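Since the structure comes first, as structure tokens, the remarks are kept for the end.
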Amino acid sequence: MRPITSSMEEFRFKCNETQDGLYVNTVKENVPLPPWCVCGGMGYFHLNREPGQPFFGDVFYCLCMEDEMAKRKGERLRQKSGLRGKLLELTFSNFDVRHAGREHIKDLTSKKEDCVGFAKEPGKRWLTIFGPFGCGKTHLAAAIANHCLINGSPVHFATVPDLLDHIRSGYDDGSYEEIINDLSTVGLLVLDDFGVNKSTDWVEEKLFQVVNARDVDNLPMVFTSNLSPGMIGGRIGSRMTEGLGVEGSIVLHLDVGDQRPNAKRRVV
Ligand SMILES: [Zn+2]
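Shown next as structure tokens:
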């Protein structure tokens with residue numbers, strides 16, 4: 043029997059890499075994994091097989107590694123999510139509908155519930171949230187993204203200007219194709235502040251490339267925009283506002299004022 047290596051790289055090589063870059067026991071269902079720790083503290087083990095027998099030389103995570111693997115998976119998903127700092131704190135439970143004013147509470151609560159429903163099961167749907175500065179649309183979009191993260195689902199959150207900078211940077215370091223591919227295939231893509239960028243042919247083309255790829259593959263998206271639906275032009279705008287071909291897609295209009303604390307003192 044081949045000796046167990048202490049190299050984590052070897053261990054990772056032997057386990058299969060999934061689409062989102064995680065390493066798992068993909069044949070777990072087919073091998074007699076013991077329901078207790080058998081690794082002697084190494085975190086992984088291999089089965090006592092002779093050359094030629096199934097799983098000879100294969101390395102498996104030990105049961106004692108499950109918490110550690112869940113932690114690593116969560117951290118990796120968070121790093122790739124684009125969520126950082128205060129965005130990570132925006133959840134449905136701290137979305138306070140009372141700031142909208144008494145006359146808007148019922149309406150805003152209902153729209154928040156629409157977002158909760160979407161977050162639980164995005165399916166193939168698109169969700170578009172329109173509303174003025176400070177109405178809470180970024181909070182709801184980030185809450186959807188954080189909900190996915192907590193549930194271990196790959197998500198990417200980006201403001202459109204940041205996203206375009208990110209794509210541009212890919213030209214410099216050669217990661218352009220990888221970036222476009224990641225955005226086109228991640229489980230859920232959330233684009234905040236759609237339409238604030240100065241639109242050029244290049245911008246339009248890059249955004250359309252990503253959005254169209256997701257549309258073709260039936261992958262869900264969330265958009266927010268402070269423009270009115272009629273102001274978003276181009277091929278993406280028409281899909282956002284009218285071409286929501288997938289049943290159950292949602293367009294929300296948050297017709298409330300600035301909900302941010304001290305909003306009245308701000309110039310927005
Ligand atoms: Zn163990």
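To convert a position in the sequence shown, counted from 1, into the working numbering, add 42.
Glycine is no exception: its CB is placed at the ideal position from the N, C-alpha and C atoms.
Keep in mind that this is a model prediction, so the values were computed, not measured.
Cβ contact annotation for Arg256 (same chain, cutoff 7 Å, sequence separation greater than five): Ser226, Leu231, Met263, in chain order. Taking 4 residues as the minimum length, the alpha helix (DSSP H) runs contained wholly in the segment 199–283 are 202–215, 218–227, 243–258, 276–283, in order along the chain.
Per the coordinates, the alpha-carbon of His146 lies some 20 Å from the alpha-carbon of Ser267. Distances from the CA of Val298 to each of Lys179, Ser291, Ala184, Gly272 were compared; the closest alpha carbon is that of Lys179. Straight across, the Cα-Cα distance linking Ile292 with Ala112 is about 32 Å.
Secondary structure of Thr180 (DSSP, three-state): helix. Of the other Cβ atoms in all chains shown, fewer than 16 fall within 10 Å of the Cβ of Asp138; this residue is therefore exposed. When distances are taken from the beta-carbon of Phe102 to the heavy atoms of ligand 1, even the shortest one reaches 8 Å or more. For ligand 1, no non-hydrogen atom lies closer than 8 Å to the CB of Cys177. Fewer than three Cβ pairs drawn from the segment 195–206 and the segment 166–179 lie within less than 8 Å of each other, which leaves the two stretches out of contact. If you keep only unbroken alpha helix (DSSP H) runs of at least 4 residues inside the segment 106–157, you get 108–123.
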